[in-house]
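Counting from 6, one number per residue, gives the positions in the sequence shown under the numbering used here. Cβ coordinates follow ideal geometry from the N, Cα and C atoms, glycine included.
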Amino acid sequence: MRLRSFPWLVLIQMAALAVLLAVILDVLLVLLLTEVGLLRSLILPWLTFSPPITQFLVGAGVGALTVDLFERLHPETRLTAGLLWALVLCVAICLGLRTLFPLPRFLVGLDYAQFVGLLVGISYRGQRYWR
C-alpha cells in the first residue's frame with residue numbers, strides 16, 4: 006500500500022478519538038484527586054511510585070485503545086503493518102497537539118516512556134496485522 010493511498014482522515018480521526026478519551030480520563034482523574042482526599046492518599050502514591058513505568062503503561066493503553074477503536078469503528082478497512090506505523094504517527098501528532106491546550110496534565114502527554122509504550126501498545130494489539 007502506498008503512502009498516498011492510506012486512509013489518513015480515518016487514521017487521524019481514530020487517533021484523535023483515542024487521545025480525547027485518554028485526556029478526558031486524565032482530567033477526571035486530576036479532578037478526583039484534587040477533590041477527594043481519601044482517593045488522593047490511596048492512588049497518588051501508586052501513580053508516582055515509578056513515573057516512567059506509569060507513563061509507559063499509559064502509552065501502551067492509549068496505543069491499544071487506538072487499534073481497538075480502529076477495529077471496531079472501521080472493520081471494512083484492513084489493517085496492515087504500514088497502517089499501524091501511520092497510526093503511531095497520527096497518535097504522536099495528536100498527543101503533541103494536546104500540549105497546545107491548557108488542560109491539566111497528569112498522565113497523558115508525549116514523553117519518551119509514553120512514546121515507547123505507545124509503540125508497544127499498538128504493536129501488541131495489532132500483532133496479527135504485521136504479516
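#### Entry: Contiguous alpha helix (DSSP H) assignments of at least 4 residues, all confined to the region 8 to 73
Scanning the region 8 to 73 from its first residue to its last, the whole alpha helix (DSSP H) runs of 4-plus residues come out as 13 to 40 and 42 to 53.
#### Entry: Whole-Å CB distance - V137 paired with I127, under 8 Å assumed
The chain is shown only over 6 to 136; residue 137 falls outside these bounds and no answer can be derived.
### Query
Considering only C-alpha positions, which residue in the set L115, L102 and W135 is nearest to P57?
Comparing Cα positions, the closest option is L115.
### Query
CB-CB under 8 Å to F11, same chain, minus the five flanking residues each way: which ones, in chain order?
Excluding residues up to 5 positions away in sequence, G87, L88 and A91 lie with their Cβ nearer than 8 Å to the Cβ of F11 in the same chain.
### Query
If you run the structure through DSSP and keep just helix, strand and coil, what is L78?
The answer is helix: DSSP assigns L78 an H, G or I state.
### Query
Among F61, G122, V96 and Q132, which has the Cα closest to the Cα of L26?
Closest by alpha carbon: V96.
### Query
For the putative contact between L123 and V67, defined by C-beta atoms under 8 Å, what is the C-beta separation to the nearest angstrom?
Going by Cβ atoms, the distance from L123 to V67 rounds to 6 Å, so yes, they are a contact pair.
### Task
Work out the CA separation of I29 and L70 for me, nearest whole Å.
One Cα belongs to L70, the other to I29, and the distance between them is close to 14 Å.
### Message
Tell me the residue span of the alpha helix (DSSP H) that contains Y134.
### Response
Going by DSSP, Y134 is part of no alpha helix (DSSP H) at all; its letter is neither H nor E.
### Query
Alpha carbon to alpha carbon, how far is Q60 from A23?
Between Q60 and A23, the alpha-carbon positions lie close to 16 Å from each other.
### Query
At what residues does the alpha helix (DSSP H) containing F111 begin and finish?
Careful: F111 lies outside any alpha helix (DSSP H) and carries neither H nor E.
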